[in-house]
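Remarks on the structure that follows.
Numbering (UniProt numbering), first residue to last: 1 to 168.
In structure tokens, the structure reads:
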């Protein structure tokens, strides 16, 4: 059985076994829901659709909730922590620049991916010297590299000035 919370129905594969127990028409008190009903009609088990396909049975969101396989949480708690405490607690994340392993990283694209070239955005003249300085520094630190030939993919640059005057 596969739980799939994005699915709105439950499905099971048709069992071709001939050894099915006979259904009783007598009602009994169900231990699952506490009500009286016929066998295999307990509302706690939800509604299943029998399909004739070669796939795993799927249990939808409603079924997962009814069987208490997952729990819906309608509240968010946020612990009070200051910015400085957070930086101190996760010092390794906020120190230096992150690095990929030594080998080159390969991005796998879908077969039908269409390259996109975004036009360059306008940079205010007052920020142009600071932008050049920042890009030169990032290139020197081998965080970015210049591309001097045509390329299929071009993303536009978005710059934001931080409160301390540096560019993001």
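C-beta atoms are modelled at their ideal positions from N, C-alpha and C, and glycine is treated no differently. Just so it is clear, the structure is predicted and the values come from calculations on it, not from any experiment.
When secondary structure is reduced to three states using DSSP, residue 159 falls in the coil class, being assigned neither helix nor strand. If you draw a straight line from the Cα of residue 121 to the Cα of residue 158, it comes to about 7 Å. Residue range 91-94 is occupied by the alpha helix (DSSP H) that includes residue 93.
For residue 117, DSSP records a beta bridge to 154. Distances from the CA of residue 127 to each of 58, 165 and 55 were compared; the closest alpha carbon is that of 165. In the displayed model, residue 58 falls within a strand according to three-state DSSP. In the DSSP assignment, residue 29 is bridged to 36. In this structure, residue 117 and residue 154 form a Cβ contact; the two beta carbons are roughly 4 Å apart against a cut-off of 8 Å. Rounded to whole angstroms, the separation of the alpha carbons of residue 56 and residue 145 is 47 Å. Taking the CA atoms as reference points, residue 168 sits about 44 Å from residue 64. DSSP places residue 129 inside the alpha helix (DSSP H), whose first and last residues are 128-140. For the 8 Å CB-CB criterion, residue 36 and residue 25 do not form a contact. With 16 or more other CB atoms across the displayed protein chains lying within 10 angstroms of its CB, residue 59 is buried. When beta bridges are read from the DSSP output, residue 167 appears opposite 161.
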